[in-house]
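I have placed the structure first, in the form of structure tokens, so that the comments after it can refer back to it.
There are 2 protein chains.
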Amino acid sequence: MSKETQNTTPPSEGRGAHVCLTPALLPLYNVEEYIVVIIDIFRATSSICYGIENGAEAIIPVSQVEECAAYREKGLDYLLAAERDGKVVDGFDFGNSPFSYTAEKVAGKTVVLTTTNGTHALHLSRSAKQIVIGSFLNLTALCNWLKNQHENVLLVCAGWKNNFNLEDTLFAGAVIEQLKIEGVVLDDAAIAANDLFQLGKDDINQYLKKTSHGERMKKLGIEEDITFCLQVDITTAIPVLQGERLVRLV
Amino acid sequence: MSKETQNTTPPSEGRGAHVCLTPALLPLYNVEEYIVVIIDIFRATSSICYGIENGAEAIIPVSQVEECAAYREKGLDYLLAAERDGKVVDGFDFGNSPFSYTAEKVAGKTVVLTTTNGTHALHLSRSAKQIVIGSFLNLTALCNWLKNQHENVLLVCAGWKNNFNLEDTLFAGAVIEQLKIEGVVLDDAAIAANDLFQLGKDDINQYLKKTSHGERMKKLGIEEDITFCLQVDITTAIPVLQGERLVRLV
């Protein structure tokens, strides 16, 4: 079977807005035909949006603590962010909490951020036309920009260890909610994500309480981070991948 | 990272009811710790349930038309089912329509059924404790049996070319609806599937009309098959995999 028949391709007429529910499904898409939005709501892409909004010069996502630590050798201007089990790793500047990404801390700095799921999704999306970062924080700014691009959009949920999670899917559904007005063609995952968003939108925090990740987060004592990450439209910056660096889209 | 941490495992206390949204995600599960239910609503698992209910001695799922044709050499008792683009392949006895699986046609016979997505899901689930077949046709009989097994349950959606589809997910949500009463532990995909079922349950046919597969089916002129496959509880047989054959569970 040819790659064309095997893979999901955008519609031949009109634009497609598709949702890739986990990075494990990315090989099923012809990524080069899309603008990709990376979604890792708790907490990587929320912290990235907040940091770029607050003047971080760049954020470099890496998957391993060791990769992050290696940047220490490259110069003193890097802030290193890494945590394990909800605690900042010894010798690092801060963890993954969005509260660490305030203007006071990150303005003018380059942050190296350790994030397993988010980095994995980014690497697998390398061949996309463009890769941007989404979170509830920059939802409407992101959607307005996407609408103006007249390109196919693939919303890539970073998920949890390559599997489905509800919070990333719900955010994908929130983006679809704004894009579908434009008459784009949705795939089944986009329809499902949008329907789930409809169910949860009145109180996303409450809706997500029943999920596995909500439980994990509660155990880690980072409920304040969750509440922060579910704030809608408190930022307007759109982080975009340039090389290995996420910077503010001009 | 060890296999245990990397993979989804059933909860240490209580039973788990998990949903694997596509066969591409099966490597993320420790399949051997579950009873697996294979789901391919349009139309393989619906036809299998109907055929076993109607007295077929066995149904052998294969993925390629050539594999199916090879059974012709093995004896005259095999009925061979294969279609391409909605038409019965020349030289075969019938296609994948459930209307071909009536008692008149299949009682006492062994049917070799060509089904790409369903066979793929079956093969990847080989190491499960047991593999059974689900469809709306045998929904409640299946759920009652599952409740009595006191085992972890993994609902495997065959999907479409390894990707997510809404009809298989909706059925998984219908099973979760009956199992969750028992106080089992759900994963995020099970929660999502069940929520989608809540949205669609009052008129599943109507709900699925907006999906990509509904469009495909309409083009193939098999809308009657769809309506048939969405009938709830018209059969009680539970097909189970024994070797390479699906037979009636005793």
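One line per chain: the protein sequences are A and B, in this order.
Read left to right, the first sequence gives residues 1 to 250 (the UniProt record's numbering).
Read left to right, the second sequence gives residues 1 to 250 (the UniProt record's numbering).
All residues carry an ideal CB built from backbone N, CA and C; glycine is no exception.
For residue i, does the three-state DSSP call read helix, strand or coil?
{"i": "A:V232", "result": "coil"}
{"i": "A:G14", "result": "coil"}
{"i": "B:E83", "result": "strand"}
{"i": "B:Y34", "result": "coil"}
{"i": "A:M1", "result": "Any answer about A:M1 is weak, because its pLDDT of 31 lies below 50 and its placement is not dependable; what the coordinates show is given next. Residue state, collapsed to three classes: coil."}
{"i": "B:V144", "result": "Here residue 144 of chain B turns out to be Asn, not Val, going by the sequence shown. DSSP places B:N144 in helix when its eight states are reduced to three."}
{"i": "A:N194", "result": "helix"}
{"i": "B:L186", "result": "strand"}
{"i": "B:V65", "result": "helix"}
{"i": "A:V88", "result": "strand"}
{"i": "B:N205", "result": "helix"}
{"i": "B:N163", "result": "strand"}
{"i": "A:G75", "result": "coil"}
{"i": "A:T211", "result": "coil"}
{"i": "B:N54", "result": "coil"}
{"i": "B:H150", "result": "coil"}
{"i": "B:G221", "result": "coil"}
{"i": "residue 263 of chain B", "result": "The shown model of chain B, from 1 to 250, leaves out residue 263 of chain B, and the question about it has no answer."}
In the DSSP output, which residue or residues are listed as bridge partners for residue i?
{"i": "A:I59", "result": "A:V111 and A:L246"}
{"i": "B:C49", "result": "In the DSSP output, where bridge partners are listed per residue, B:C49 has none listed."}
{"i": "B:K105", "result": "Its beta-bridge partners do not exist; DSSP assigns none."}
{"i": "B:C157", "result": "B:I39"}
{"i": "B:T8", "result": "B:Y29"}
{"i": "B:C20", "result": "B:V156"}
{"i": "A:V240", "result": "A:V132 and A:V247"}
{"i": "A:F94", "result": "A:A81"}
Excluding five sequence neighbours on each side, which residues of the same chain lie with their C-beta closer than 7 angstroms to the C-beta of residue i?
{"i": "A:P11", "result": "V185"}
{"i": "A:G86", "result": "L220, G221 and I222"}
{"i": "A:N7", "result": "L28, Y29 and N30"}
{"i": "A:C143", "result": "V175, Q178 and L179"}
{"i": "B:F197", "result": "L170, G173, A174 and E177"}
{"i": "A:K3", "result": "Caution applies to A:K3, whose pLDDT of 34 falls short of 50 and renders its modelled position unreliable; the model cannot decide the point."}
{"i": "B:E224", "result": "none"}
{"i": "A:Y50", "result": "P98, Y101, L137 and T235"}
{"i": "B:G108", "result": "G55 and E57"}
Using a threshold of 9 angstroms, state whether the C-beta atoms of residue i and residue j are closer than that.
{"i": "A:G118", "j": "A:A44", "result": "yes"}
{"i": "A:L137", "j": "A:Q231", "result": "yes"}
{"i": "B:S135", "j": "B:I204", "result": "no"}
{"i": "A:L170", "j": "A:G200", "result": "yes"}
{"i": "B:L21", "j": "B:I133", "result": "no"}
{"i": "A:H18", "j": "A:A192", "result": "no"}
{"i": "B:L113", "j": "B:I35", "result": "no"}
{"i": "B:S63", "j": "B:N96", "result": "no"}
{"i": "B:N194", "j": "B:A24", "result": "no"}
{"i": "B:E32", "j": "B:A158", "result": "no"}
{"i": "A:L208", "j": "A:E167", "result": "yes"}
{"i": "B:D187", "j": "B:G14", "result": "no"}
{"i": "B:N148", "j": "B:V106", "result": "no"}
{"i": "A:F228", "j": "A:F99", "result": "yes"}
{"i": "B:W145", "j": "B:I226", "result": "no"}
Kindly list the residues whose CB is nearer than 8 angstroms to the CB of residue i, restricted to its own chain and excluding five residues on each side of it in sequence; keep chain order.
{"i": "A:L122", "result": "I38, P61, I131 and L241"}
{"i": "A:T5", "result": "With a pLDDT of 38 at A:T5, under the threshold of 50, the modelled position of this residue cannot be trusted; read the value that follows with caution. Contacts found: none."}
{"i": "B:T110", "result": "A56, E57, A58, I59, I60, D77, Y78, L79 and R245"}
{"i": "A:L139", "result": "F171, A174, V175, Q178, V232 and D233"}
{"i": "A:E215", "result": "none"}
Go through its chain and collect everything with a Cβ distance to residue i's Cβ below 6 angstroms, but skip five positions before and after it.
{"i": "A:T236", "result": "A141"}
{"i": "A:A82", "result": "V65, C68, V89, F92 and T114"}
{"i": "A:T9", "result": "N30"}
{"i": "A:I52", "result": "A237, P239 and R248"}
{"i": "B:A103", "result": "N54 and G55"}
{"i": "A:M1", "result": "Here A:M1 scores only 31 on pLDDT, less than 50, and its place in the model should not be relied on; the value that follows carries that caveat. Nothing listed; no residue qualifies."}
{"i": "residue 320 of chain B", "result": "Examination of residue 320 of chain B is not possible in this model, given that chain B is present from 1 through 250 alone."}
Using a C-beta to C-beta distance shorter than 9 angstroms, which residues of chain C count as neighbours of residue i?
{"i": "A:A24", "result": "Note that chain C does not occur in the displayed structure, where the protein chains are A and B."}
Would you say the beta carbon of residue i comes nearer than 8 angstroms to a heavy atom of the ligand NAP?
{"i": "B:I38", "result": "Of ligands this structure carries none, so the ligand NAP is not represented either."}
Legend entry - Residues within the segment 153-170 of chain A neighbouring chain B, beta-carbon criterion of under 7 angstroms: K161, N162, N163, F164, N165, L166 and T169
Inset, instruction - Could you list the residues in the segment 169-200 of chain A with a C-beta less than 7 angstroms from some C-beta on chain B, going in chain order? - result: T169, D187, D188, A189, I191, A192, D195, L196 and L199
Inset, instruction - Report the residues of the segment 109-137 of chain B with a CB closer than 9 angstroms to any CB of chain A, ordered along the chain. - result: none
Inset, instruction - Please name the residues in the segment 34-66 of chain A whose beta-carbon is closer than 9 angstroms to at least one beta-carbon of chain B, in chain order. - result: none
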